[in-house]
Amino acid sequence: MPGKLLNPVKVGSTTLSNRILMAPLTRSRAGQPGDVPTELNVEYYAQRASAGLIVTEASQISRQGQGYAWTPGMYTDAQEAGWKRIVDALHAKGGKISVQLWHVGRISHTLLQENGAVLVDSDHNNQCFCF
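Note that my numbering has the sequence shown beginning at 26, numbered continuously upward.
So this is what it looks like as structure tokens:
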């Protein structure tokens, strides 16, 4: 008797082709400058379109919210266009995708900020680095 893993399932108003979910996996392959998704990202997600649902890698919602270098953003027109290519490629193969929105807050490193900006005042800055 086959299990339910490969059977379609309805989640809200969306029907997924199966019950397999691809968890977010940070790839650090966004194009530079600008943290823009590239054709490599398009290929990566399109190759996995058979999963019932793909949750994207963490994608920062602002420059100040970046936690790792070369991760894709979701806050410029160029980034939006890059993500549109990914979504279109995935949908062409019948895939479904959801974004993991990301803002790391005060732990972002000054190396990831424009002109080395510090996101927290100097009295608290020494408490903010996790690496």
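Ideal Cβ placement from N, Cα and C applies to all residues, glycine included.
Item	Value
For I132, count neighbouring C-beta atoms within 10 Å of its own C-beta (all shown protein chains included) and say buried if the count is 16 or more, exposed if not.	exposed
I need the boundaries of the alpha helix (DSSP H) containing Q89, first residue and last residue.	Premise fails: Q89 is in no alpha helix (DSSP H) and is neither H nor E.
Beta-carbon within less than 8 Å of A48's beta-carbon, same chain only, minus the 5 sequence neighbours each way: which residues are those?	V80
Would the region 28-37 count as touching the region 50-69 if we require 3 or more Cβ pairs under 8 Å?	no
Taking the alpha helix (DSSP H) that L65 belongs to, which residues open and close that run?	E64 to A71
Check G37 in the structure and name its three-state DSSP category.	coil
Kindly list the residues whose CB is nearer than 6 Å to the CB of V67, restricted to its own chain and excluding five residues on each side of it in sequence; keep chain order.	R110, I111 and A114
Measuring CA to CA, which of G107, Y100, A74 and V143 is closest to L126?	Y100
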